[in-house]
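Asker: Below is the structure I would like to discuss, written out as structure tokens.
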Amino acid sequence: MMAATIPTTLATSTTLAQKILARAAGRDHVTPGEIVTATVDLAMIHDSGGPRRVEPILRELGVGLWDADKVVLISDHFVPGDTDEGARILDLTRQWAKERKVAFHDGEGICHVVLPERGHLNPGMLVVGGDSHSPTGGAFGAYMFGVGATEMAGVLATGEIWLKVPETILIEWRGRLADGVTAKDIMLALCGRLGMDGGRYQAVEYTGEAIAALSMQERMTLSNMAAELGGQAGLIAPDATTAAYLEAAGVVLSPDDWTWLKTDPGAPLMAHHAFDAGALEPQVAAPHSPANSGPVTDAADTAIDVAYVGACTGAKYEDLKNAARILQGRKVASGVDLMVAPASLRDQERAARDGILTVLEEAGARFLPNACGICAGYGQHRLGEDVTCISSTARNFKGRMGAASSKVWLGSPLTVAASAVAGRIADPRAFLDSDGRRA
Amino acid sequence: MSGRIFLFGNDIDTDQLAPGLYMKGGIAELAAHCLEGVRPDFASSVRPGDIVVAGTNFGMGSSREQAAEALKHLGVAGVVALSFAGIFYRNAINLGLPVLVAHSIDGIGDGDVASLDIDAGLLNLPAKERTIRLERLPDNLKAMLADGGLVPHLKKRFAAERDKEHGRCA
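Structural data, given as structure tokens:
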């Protein structure tokens, strides 16, 4: 009898995912497994799955946007419109942005990088994105996940979405990463260990000393690739690093806005995996799955034709800076095509100011526009027959970036740059001076 | 309605279901290339009522709903798999393509004649005198599928809301 009088909300420890979803569902508490209808704080769409796909559905439904102020449109997939059809899609996207009066970032970079960079994301938000790498928002303590165009049209019409409250898989990285080892290496190792359905659409949450030490751009790579683990969201509890990044983007937070966003001790977890960051070596994933990962040393001496520094997980400012650490004073091997597509205009400008772009250019890199580039496989720069590529992107499915006979290896920007110089897959640690001269 | 089983393995990804090269075109063009990387004759030989059966993590990868739409366009009655990637699963239901989880697909052969009972969660294989039990769908998803997907489901909801308003005004 006494026990029944204790409010369950006080007695129950909950996860970060539960806290965000309870708020979004207008409830004190939600339980993993239950299906709830939640209010969406923000919807992000892009040129591929956005206006051209959602507008016909909105017309069919006979409704407008539920709230134009909560919609952000970003063009990135068909940028630079180098085919007739791509150019037509971009025109339609621009026209729609004007008609529907939504925030629009045109050719400023990849949606997942531009959204937080322009201050659209706040910790604790429930956000849907029309792209599978939308878990990137989890790096900022937002529950963000990807949906298809029809579901997005439903959100744009109603401002609501149903969710099955997820269980949480806690992934802890203890210790510190060694020099030359990055967030991408963490993710490739996780894809290899846990598999691409290791998340089963649960919430993945990253924690531990090594995660806390990462910059926001590195954390974004981890959250982004929760999609590759099969997770719905990839969360990192906000901290002072998060607040500082967002403040620079124009979002001023008080500690009360984010300190409650954490998983309580004793909260129900589906699994808790712990790894030693200090023991991690640079990783590469062999064609045609991110789960085919292993230490770079196992793949060394695989000859490459193309090296690609691009995408939301591999061409942000810090990724470019890492590539430049290797390429400083060196040249791309003869016969290797090094392509660099900076993930955002702002990151590109910052890299230009810091001399990073000059380093890349002098090494022999050629630049592609600030967009999804060959990662999405939509534009002209597709890989040809039998080409072997090492790429800093998130996904190496067969035929995604070009011909079905092309082979894509995944690695960190450091590993891609080292391989570009060597002409074959190479361990970046061999190119980094122990005295930190290139740091 | 019964159809034939098209059997696939694990990890069929969205780039196989809806190849990026054909994403600029319409659904008919895209559907003609559906799964060509793993089974070149799939789009030309699949007929309305046929059923796709696969292993784990079917539909992994992109949020492009054309992956589910292409199967629907080809007349596939439903997909039965050991597990589905989350976004694909949502997309399929939203587009009115039934997707059901099986705990085992042992004994199901490529080309077997079968029928799918979505409401009861059963895959019937009459020639083998076998019935495979599938996970029942949650009620909200069953309602959406019964309406034909999210768009007709929302149309129904908006119409009901309008009727209610008119009723109040009258």
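From first to last, the protein sequence lines stand for chains E and X.
The first sequence begins at 1 in our numbering and counts up by one.
The second sequence begins at 1001 in our numbering and counts up by one.
Each residue gets a CB set at the ideal place from its N, CA and C atoms; glycine is no exception.
1) For residue 76 of chain E versus residue 45 of chain E, is the C-beta spacing smaller than 8 Å?
2) Rounded to whole angstroms, how far is the Cβ of residue 128 of chain E from the Cβ of residue 114 of chain E, which I believe are closer than 8 Å?
3) In or out: residue 282 of chain E buried (at least 16 other Cβ within 10 Å) or exposed?
4) Distance check for residue 356 of chain E and residue 120 of chain E, CA to CA, integer angstroms please.
5) Can you give me the Cβ contacts of residue 81 of chain E inside the same chain, cut-off strictly under 7 Å, excluding the 5 residues immediately before and after it?
6) Assuming contact is defined by CB atoms lying nearer than 8 Å, are residue 61 of chain E and residue 149 of chain E in contact in what I supplied?
7) Measuring only the C-alpha atoms, how far is residue 163 of chain E from residue 427 of chain E?
8) When DSSP labels each residue in this structure, what does residue 518 of chain E get in the three-state scheme?
9) Provide the residue span of the alpha helix (DSSP H) that contains residue 1004 of chain X, from first to last.
10) Which residue or residues does DSSP assign as beta-bridge partners of residue 407 of chain E?
11) So, are the CB atoms of residue 253 of chain E and residue 204 of chain E less than 8 Å apart?
12) Counting only beta-carbon atoms, is residue 1090 of chain X nearer than 8 Å to chain E?
13) As a quick exercise: from E:419, E:384, E:327, E:425, pick the residue whose alpha carbon is nearest that of residue 433 of chain E.
14) Would you say residue 1097 of chain X reaches chain E, if we count a Cβ-Cβ gap shorter than 8 Å as a contact?
15) Taking just the CA atoms, how far does residue 401 of chain E sit from residue 1080 of chain X?
16) My parser needs the beta strand (DSSP E) runs of 3 or more residues fully inside the stretch 305-335 of chain E; what are they?
17) Closer than 9 Å, Cβ to Cβ, to anything on chain X: give me those residues from the stretch 371-401 of chain E, in chain order.
18) Taking a Cβ distance cut-off of 7 Å, strictly less, list which residues of the stretch 1027-1045 of chain X are near chain E, in chain order.
19) Have a look at residue 345 of chain E and residue 370 of chain E and give me their C-alpha separation to the nearest angstrom.
20) Quick one: measure Cβ to Cβ for residue 40 of chain E and residue 72 of chain E, integer angstroms, because I've assumed they're closer than 8 Å.
21) List, in order along the chain, the chain X residues whose C-beta lies closer than 8 Å to that of residue 181 of chain E?
22) Please determine, among X:1072, X:1061, X:1118, the residue with the shortest C-alpha to C-alpha distance to residue 1087 of chain X.
23) Whose CA, out of E:152, E:304, E:317, lies closest to the CA of residue 338 of chain E?
24) Helix, strand or coil for residue 283 of chain E per DSSP?
25) Which bits of chain X does residue 63 of chain E rub up against, with CB to CB less than 8 Å?
26) Do you know how far the Cα of residue 290 of chain E is from the Cα of residue 395 of chain E?
27) Can you grab the Cα-Cα spacing for the pair residue 32 of chain E / residue 25 of chain E, in whole Å?
28) Runs of 4 residues minimum, wholly inside the stretch 38-62 of chain E: which ones carry the alpha helix (DSSP H) assignment?
29) In terms of alpha-carbon separation, which member of X:1038, X:1011, X:1005 lies closest to residue 1047 of chain X?
30) Among all the DSSP beta bridges, which residues are the ones paired with residue 1117 of chain X?
31) Rounded to a whole number of angstroms, what is the C-alpha to C-alpha distance between residue 132 of chain E and residue 233 of chain E?
32) Please confirm whether residue 131 of chain E has its beta-carbon closer than 8 Å to some beta-carbon of chain X.
33) In chain E, which residues lie with their C-beta within 7 Å of the C-beta of residue 1065 of chain X?
34) Candidates E:210, E:330, E:354, E:171: which alpha carbon is nearest residue 193 of chain E's?
35) By a C-beta neighbour count over all protein chains shown, 10 Å radius and 16 as the cutoff for buried, is residue 366 of chain E buried or exposed?
36) Does the separation of the CB atoms of residue 15 of chain E and residue 263 of chain E fall below 8 Å?
Answerer: In this structure, then:
1) The answer is no: Cβ separation not under 8 Å.
2) At roughly 16 Å, the Cβ-Cβ gap does not stay under 8 Å, so residue 128 of chain E and residue 114 of chain E are not in contact.
3) Buried, since its Cβ has 16 or more Cβ neighbours within 10 Å.
4) Looking at the two C-alpha atoms, the distance is approximately 27 Å.
5) Here the set comprises 87, 90.
6) In this structure, residue 149 of chain E does not lie closer than 8 Å to residue 61 of chain E by Cβ.
7) Residue 163 of chain E and residue 427 of chain E have their alpha carbons spaced roughly 42 Å apart.
8) Outside the displayed span of chain E (1 to 439) sits residue 518 of chain E, for which this structure offers no information.
9) Segment 1002-1007 is the beta strand (DSSP E) holding residue 1004 of chain X; no alpha helix (DSSP H) there.
10) E:388.
11) Cβ distance not < 8 Å, so residue 253 of chain E and residue 204 of chain E don't count as in contact.
12) Chain E contact via Cβ: present.
13) Among E:419, E:384, E:327, E:425, the Cα nearest to that of residue 433 of chain E belongs to E:327.
14) Judged by the 8 Å Cβ criterion, residue 1097 of chain X is not in contact with chain E.
15) For residue 1080 of chain X and residue 401 of chain E, the distance between alpha carbons rounds to 29 Å.
16) 306-309, all fully within the stretch 305-335 of chain E.
17) Hits within the stretch, in order: 376, 377, 378, 382, 395, 397, 398, 399, 400, 401.
18) Flagged, chain order: 1037.
19) For residue 345 of chain E and residue 370 of chain E, the distance between alpha carbons rounds to 6 Å.
20) The distance from the Cβ of residue 40 of chain E to that of residue 72 of chain E is about 12 Å, inconsistent with a contact at the 8 Å cut-off.
21) Those do not exist, as residue 181 of chain E stays about 26 Å from chain X at its closest Cβ, beyond 8 Å.
22) Looking from the CA of residue 1087 of chain X, the closest CA among X:1072, X:1061, X:1118 belongs to X:1061.
23) Residue 338 of chain E has its Cα closest to that of E:304, out of E:152, E:304, E:317.
24) Residue state, collapsed to three classes: strand.
25) Within chain X, the residues near residue 63 of chain E are 1158.
26) Distance between residue 395 of chain E and residue 290 of chain E, taken at the CA atoms: about 6 Å.
27) The alpha-carbon atoms of residue 32 of chain E and residue 25 of chain E are separated by roughly 13 Å.
28) Listed in chain order, they are 51-61.
29) If we check each option's Cα against that of residue 1047 of chain X, X:1005 comes out closest.
30) Beta-bridge analysis with DSSP links residue 1117 of chain X to X:1122.
31) Near 10 Å, if we compare the C-alpha coordinates of residue 233 of chain E and residue 132 of chain E.
32) The beta carbon of residue 131 of chain E falls within 8 Å of a beta carbon belonging to chain X, placing the residue at that interface.
33) Within 7 Å Cβ-Cβ: 148, 149, 150.
34) Shortest Cα-Cα distance from residue 193 of chain E to any of E:210, E:330, E:354, E:171 involves E:171.
35) Sixteen is the threshold: since fewer than 16 other Cβ atoms of the shown chains lie within 10 Å of the Cβ of residue 366 of chain E, the residue is exposed.
36) Cβ atoms of residue 15 of chain E and residue 263 of chain E: closer than 8 Å.
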